[in-house]
Structures are given as structure tokens and as C-alpha cells.
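Numbering (my numbering), first residue to last: 1 to 162.
Virtual Cβ for every residue (Gly too), placed ideally from N, Cα, C.
Bear in mind the structure is a predicted one, so any value in this text is a computation, not a measurement.
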């Protein structure tokens with residue numbers, strides 16, 4: 001596995017301004033190029049903004065959601081991993097649907113343009129109880145009323161890949 005994502009940086013839309021958007025897309029491409037599915041198949045990046053699914057295996061159809069961050073995904077003193085999720089209702093609907101997905105958490109180093117850590121939570125450990133609602137955005141916010149969520153998992157279901 002090549003931890004560098006310099007090649008993927010060259011494939012991204014140069015008009016994007018948001019670092020989270022840029023690095024999110026770069027890391028998804030890096031996954032496609034470097035991480036095989038457990039079955040040996042290839043994880044294929046899906047079009048942007050597909051609900052809860054970022055990559056799908058071309059052999060077994062396993063679904064993967066990728067979350068990336070320059071900051072480490074750490075277990076807190078309560079023995080939990082808590083990360084920022086997406087929109088609350090969409091996330092719940094995704095978990096309650098018949099389409100299972102694994103969650104891949106990838107920490108990267110911006111200075112070195114490389115992946116430094118990968119954690120995985122498999123689909124059978126992703127339940128509605130793991131979705132914690134956030135307070136809806138206030139009336140003066142650009143997306144007033146929008147409600148995000150956190151995803152919270154017990155440490156024992158979080159597996160390190162690197």
C-alpha cells in the first residue's frame with residue numbers, strides 16, 4: 001500500500017475552495033487506488049453526494065463510507081470514539097435501510113500528503129443507537145433548521161488497519 005496521496009491530489013477539481021471537500025475527495029480516490037476489499041475486489045469511488053456510500057466493491061458489492069481528517073480519530077476517556085456525522089435523519093435512514101455499509105476513518109498528514117492511520121467499523125456494529133443528534137442550526141444560519149449528528153462507537157468495535 002502506498003500511503004502517499006500526491007497522485008490523487010492532481011486529479012481533483014482545481015476550482016474547489018473547501019479543504020474538507022478537497023481532502024475528502026482525495027482520500028476517497030486514494031482508497032480506490034490503495035485499499036482492496038476483504039474479498040479481494042476493488043473499492044470503486046462513487047459520484048459525490050451519494051447518501052452514506054463513498055465506495056462500492058466491484059466484486060461483492062460491499063458499501064464503504066469514508067470519513068477523513070487531519071486530526072486523529074481518538075477514543076475518549078469513556079472508551080468511546082465520537083466523530084462528526086452528516087445530516088441526522090439521512091444518517092438514521094441509511095442505517096435503518098437494507099443497505100449496510102462499513103465506516104472507514106482515515107487520518108492524513110497535509111504537510112506530507114500521506115495517510116497516517118486507518119480505522120474501520122464494520123456494518124454489523126453500526127446501529128441507530130450510534131447516531132447522536134446535534135442541536136439544529138439556528139434561524140439566522142445559512143442552513144437554518146439543518147440538524148447534523150455525531151456517530152459514537154465503543155472502542156472494542158473500532159479496528160485499526162494501519
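**Item:** Beta-ladder partner(s) of residue 57, from DSSP
**Value:** Beta-bridge pairing links residue 57 to 43.
**Request:** Could you check which residue in 56, 51, 26 and 45 has the C-alpha nearest to that of residue 38?
**Result:** When only C-alpha atoms are compared, the closest one is 56.
**Message:** With distance defined between alpha-carbon atoms, name the residue in 3, 2, 33 and 1 nearest to residue 11.
**Reply:** The option with the nearest alpha carbon to residue 11 is 33.
**Message:** I'd like to confirm something about residue 73: is its beta-carbon nearer than 7 Å to some heavy atom of the ligand NAD, or not?
**Reply:** Inclusion of the ligand NAD in the displayed structure is not the case, the ligand content being empty and no account of it being possible.
**Request:** Give every residue of the same chain whose Cβ lies closer than 6 Å to the Cβ of residue 82, excluding the five residues on either side of it in the sequence, and list them in chain order.
**Result:** For residue 82, the CB contacts under 6 Å within the same chain, skipping 5 residues up- and downstream, are 150 and 152 in chain order.
**Cβ-based burial, residue 130 [other Cβ within 10 Å; buried from 16]** = Residue 130 comes out buried.
**Exposed unless 16 or more other CB atoms sit within 10 angstroms - verdict on residue 63** = Label assigned to residue 63: buried.
**Request:** Can you check DSSP and say which residues form a bridge with residue 68?
**Result:** BP columns for residue 68 point to 106.
**Request:** Would you mind giving the Cβ-Cβ distance between residue 3 and residue 114, rounded to the nearest angstrom? I have them listed as a contact below 8 Å.
**Result:** Indeed they touch by this definition, with Cβ atoms about 4 Å apart.
**Request:** Flag this pair as yes or no: are the beta carbons of residue 9 and residue 31 separated by less than 8 Å?
**Result:** The answer is no: Cβ separation not under 8 Å.
**Prompt:** Mind pulling the beta strand (DSSP E) runs of 3 or more residues that sit fully within the segment 117-155?
**Reply:** Whole beta strand (DSSP E) segments, 3+ residues: 131-133 and 148-154.
**Item:** Residue burial classification, residue 66 (beta-carbon count within 10 angstroms, cutoff 16)
**Value:** Around the C-beta of residue 66, 16 or more other C-beta atoms lie within 10 Å, and the residue is accordingly described as buried.
**Asked** Tell me which same chain residues have a C-beta within less than 6 Å of the C-beta of residue 109, skipping the five on either side of it?
**Response** In chain order, 116 place their CB closer than 6 Å to the CB of residue 109, counting only its own chain and leaving out the 5 sequence neighbours on each side.
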